[in-house]
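Enquirer: First the structure, which I've put down as structure tokens, then a few questions once you've had a look.
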Amino acid sequence: QHPNLGVELVTNSEQKSECTQHGPFHSQLLSHNHYITLITSDNVCVFRLENKAPQNRKVTDYYPIRRSNRKTKAELKNQEHRHIDDLIKNGIEEGMQVKNIEGKGRGVFAVKGFTKGEFVVEYHGDLLELPEAKKREAQYAQDPQTGCYMYYFQYQSKTYCVDATKETSRLGRLINHSKTGNCQTKLHAIDGAPHLILVASREIKAEEELLYDYGDRSKDSVLAHPWLKY
């Protein structure tokens, strides 16, 4: 019984088909939009299909949409930025240890690997504007035993300095200088305030000493600290 034609299409044991109203037929039913054509041995019959308006179908009507769980580059970047925010705010310093180096003093060594571009540590200290930084620098110059722990940088067209001269347990201040180091400095803003951080400039393996270029090439600095040349 065809649901739209109201006629019964019968196939007997000899695989011959017939319509109860129009006799046997041997051809297929040909459907075109709202009509279906039944070709029998004696007649060509056209029936109107009822309630079967053509429908536009999409692949998603038959297959569910599979949403990707992959994050965009922007999402990954924001996630990494928030992760660094948390490390800085909580003073978390992992994957490093301090060792004494004969003839050199203290140094910071990796106890795990770091991938290129990965956050290593914050260069933590007092954030100063230029006038205050120059005053402190003049005071430190009066004591030859005072180390070089002041880092100047530009942020939003203004000069700042991180002064890490005060002895603390923070590791960033103890990372030594090398013009061919494995770390580099980078600015990281939190709530509009700049933080100076160190990231891996290449892949770093465990047991390597962490080093970065202090960037100070002034004559006075090189005269006071000859190791800045190397």
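Just so we're aligned, residue 14 is where the sequence shown starts under the working numbering, counting upward by one. C-beta: ideal position from N, C-alpha, C; glycine also.
To the nearest angstrom, how far is it from the Cα of residue 135 to the Cα of residue 222?
Expert: In the sequence shown, residue 135 corresponds to position 122, counting from 1. In the sequence shown, residue 222 corresponds to position 209, counting from 1. The straight-line gap from Cα to Cα measures roughly 16 Å.
Enquirer: Please name the residue in 163, 132, 109 whose C-alpha comes closest to that of residue 147.
Expert: Here residue 147 is taken as the residue at index 134 of the sequence shown, counted from 1. Residue 163 is the option with its Cα nearest to residue 147.
Enquirer: The beta strand (DSSP E) with residue 201 in it runs from where to where?
Expert: Position 188 of the sequence shown, counted from the first residue, corresponds to residue 201. Where residue 201 is concerned, the enclosing beta strand (DSSP E) stretches over 196-203.
Enquirer: What's the gap between the Cα of residue 94 and the Cα of residue 155?
Expert: The sequence position of residue 94 within the sequence shown is 81, counting from 1. The sequence position of residue 155 within the sequence shown is 142, counting from 1. Between residue 94 and residue 155, the C-alpha separation is close to 40 Å.
Enquirer: Between residue 219 and residue 124, is the Cβ-Cβ spacing less than 7 Å?
Expert: Translated into positions along the sequence shown, residue 219 becomes position 206. Translated into positions along the sequence shown, residue 124 becomes position 111. In contact: residue 219 and residue 124 (Cβ atoms closer than 7 Å).
Enquirer: Under the rule that 16 or more other beta-carbon atoms within 10 Å means buried, what is residue 188, buried or exposed?
Expert: The residue given as residue 188 occupies position 175 in the sequence shown. Buried: at least 16 other Cβ atoms inside 10 Å.
Enquirer: Here's the rule: buried if 16 or more other CB atoms are within 10 angstroms of the residue's CB, otherwise exposed. What is residue 54?
Expert: Against the sequence shown, residue 54 aligns to sequence position 41. Here residue 54 scores only 49 on pLDDT, less than 50, and its place in the model is too uncertain to base an answer on.
Enquirer: Buried or exposed for residue 225, please, with buried defined as at least 16 other CB atoms from any protein chain shown within 10 angstroms of its CB.
Expert: What you label residue 225 is simply residue 212 of the sequence shown in a count that begins at 1. Result: buried.
Enquirer: Which residue marks the beginning of the beta strand (DSSP E) containing residue 149, and which one marks its end?
Expert: Taking the first residue of the sequence shown as position 1, residue 149 is located at position 136. From DSSP, residue 149 is part of no beta strand (DSSP E) but of the alpha helix (DSSP H) over 143-154.
Enquirer: Near residue 195, which residues of its chain fall below 7 Å by C-beta distance, leaving aside the five closest residues on each side in sequence?
Expert: The residue you call residue 195 lines up with position 182 of the sequence shown. Within the same chain, residue 195 has close Cβ partners 213, 214, 215, 217, 221, 223, 224.
Enquirer: Is it right to say residue 175 is buried, meaning 16 or more other beta carbons lie within 10 angstroms of its own, or is it exposed?
Expert: The sequence position of residue 175 within the sequence shown is 162, counting from 1. Result: buried.
Enquirer: Tell me, please, which residues DSSP counts as bridged to residue 224.
Expert: Within the sequence shown, the letter at position 211 stands for residue 224. Bridge partners of residue 224: 189.
Enquirer: On the CB-based measure, 16 or more other CB atoms within 10 Å of its CB, does residue 1 come out buried or exposed?
Expert: Nothing in the structure corresponds to residue 1, since the chain is present only between 14 and 243.
Enquirer: For the beta strand (DSSP E) holding residue 171, just list the boundary residues, first then last.
Expert: Position 158 of the sequence shown, counting from 1, holds the residue named residue 171. Its beta strand (DSSP E) spans residues 171-176.
Enquirer: Kindly indicate which residue of 140, 186, 207, 228 has the alpha-carbon position closest to the one of residue 193.
Expert: Position 180 of the sequence shown, counting from 1, holds the residue named residue 193. That would be 228, whose Cα lies nearest to the Cα of residue 193.
Enquirer: Please determine if the segment 82-102 and the segment 111-124 are in contact, where contact requires at least 3 C-beta pairs separated by less than 8 Å.
Expert: No: the two stretches stay apart, fewer than three of their Cβ pairs being nearer than 8 Å.
Enquirer: In terms of residues, what are the limits of the alpha helix (DSSP H) holding residue 95?
Expert: Indexing the sequence shown from 1 puts residue 95 at position 82. Taken as a continuous stretch (DSSP letters only), the alpha helix (DSSP H) holding residue 95 covers 86-102.
Enquirer: Measure the beta-carbon distance from residue 159 to residue 172 and round it to whole angstroms, keeping in mind my assumption that it falls under 8 Å.
Expert: In the sequence shown, counting from the first residue as 1, residue 159 sits at position 146. In the sequence shown, counting from the first residue as 1, residue 172 sits at position 159. With 8 Å as the limit, residue 159 and residue 172 do not qualify as a contact, their Cβ atoms being about 21 Å apart.
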